[in-house]
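Everything below concerns the one structure shown next.
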Amino acid sequence: GAVVSQHPSRVICKSGTSVKIECRSLDFQATTMFWYRQFPKQSLMLMATSNEGSKATYEQGVEKDKFLINHASLTLSTLTVASAHPEDSSFYICSARDRRGAPDTQYFGPGTRLTVL
Amino acid sequence: SQQGEEDPQALSIQEGENATMNCSYKTSINNLQWYRQNSGRGLVHLILIRSNEREKHSGRLRVTLDTSKKSSSLLITASRAADTASYFCATDGVGTALIFGKGTTLSVSS
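Protein sequences, first through last, are from chains A and B. Here the first sequence is numbered in the working numbering, starting from 8 and rising by one per residue. Here the second sequence is numbered in the working numbering, starting from 62 and rising by one per residue.
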């Protein structure tokens, strides 16, 4: 089946550092990728929708200047947490839709755990 | 934004018992999906039910969908300790992102 990878799987950084998380579709092309955030013991919250070659669409309340999304190719989207602070510590999960597949099929990455000290 | 509300928030049962989780949502949907998440791990897709379907089975899983009540249920029969996890329903429109419910934490003790 389709595979989505995320890198890194875990990152610990100091407050004020910028952190980049990569989301790759390994065996399919994804015109659309989604980024979610999950705080401990909570559900996944959609942060933004990333379309290849265009600007991401952010959900209400998500700061676009803080969570920078770049979808430069059909297999890669990156999320950069700019000047991370402890409150940004969370589990970040991406998903990707196969452009040749059914529109209701999304494949999830394994997630990236960010801890900001 | 959050679409679904799972009920109950937490469920503790013994091995061999059945577990039933419910999900309610607010807007019209194209599909409803159920996912499992083990603590601190990624999502595992369990089952997808389309808006024109009423019931679907997959192994020990049974999902129902009532679009008139905007609700779905997930039944796990003959539960095992390995079923211990959080379970989320997720809904989407055509070509849109999945919107997740708050989840039910299931604990199965042996």
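Every residue, glycine too, gets a C-beta built ideally from N, C-alpha and C.
- Using a Cβ-Cβ cut-off of 7 Å, B/G164 is close to S50 of chain A, given in chain order.
- With respect to the C-alpha of B/V169, the residue from B/S119, B/S89, B/W95 and B/T138 having the closest C-alpha is B/T138.
- In chain order, A151 and D153 place their CB closer than 6 Å to the CB of B/L159, counting only its own chain and leaving out the 5 sequence neighbours on each side.
- Between the region 81-90 of chain B and the region 127-141 of chain B, the count of C-beta pairs closer than 8 Å reaches three or more; the two stretches touch.
- Comparing alpha-carbon positions, the option among B/L136, B/R102 and B/D68 lying closest to B/G120 turns out to be B/L136.
- According to the DSSP assignment, A/V10 belongs to no beta strand (DSSP E), since it is labelled neither H nor E.
- Contact check for A/L86 against A/I28 passes: the beta carbons are separated by less than 7 Å.
- Ranked by Cα distance from A/Q67, the options A/N77, A/T56 and A/K21 are led by A/T56.
- The Cβ of A/F74 sits no closer than 7 Å to any Cβ of chain B.
- For the region 135-150 of chain B, the set of positions with a beta-carbon nearer than 9 Å to some beta-carbon of chain A reads S147 and F149 in chain order.
- Taking the beta carbon of A/I19 as reference, no residue of chain B falls within 9 Å; the closest one sits roughly 15 Å away.
- Taking 7 Å as the cut-off, the Cβ atoms of A/S25 and A/A89 count as close.
- A direct Cα-to-Cα measurement between A/G118 and B/E78 gives close to 31 Å.
- Pairing B/T81 with A/C101, the inter-Cα distance amounts to about 28 Å.
- For A/D105, the enclosing beta strand (DSSP E) stretches over residues S97 to D105.
- B/E67: member of the beta strand (DSSP E) spanning E66 to D68, first to last residue.
- The shortest C-alpha to C-alpha distance from A/S22 to any of A/S96, A/R31 and A/V11 is the one to A/S96.
- No Cβ of chain A is located within less than 7 Å of the beta carbon of B/L122.
- The alpha carbon of B/E116 has as its nearest neighbour, out of B/V105, B/Q94, B/Q70 and B/G103, the alpha carbon of B/Q94.
- Taking A/L33 as reference, the option from A/Y114, A/R120 and A/L121 with the minimal CA-CA separation is A/Y114.
- Comparing alpha-carbon positions, the option among A/T122, A/R44 and A/S61 lying closest to A/F74 turns out to be A/R44.
- The beta carbon of B/E76 lies closer than 8 Å to those of S140, R141, A142, V169, S170 and S171 in the same chain, with the five residues before and after it left out.
- Taking a Cβ-Cβ cut-off of 7 Å, B/A71 has no neighbours in chain A, whose nearest Cβ is about 10 Å from it.
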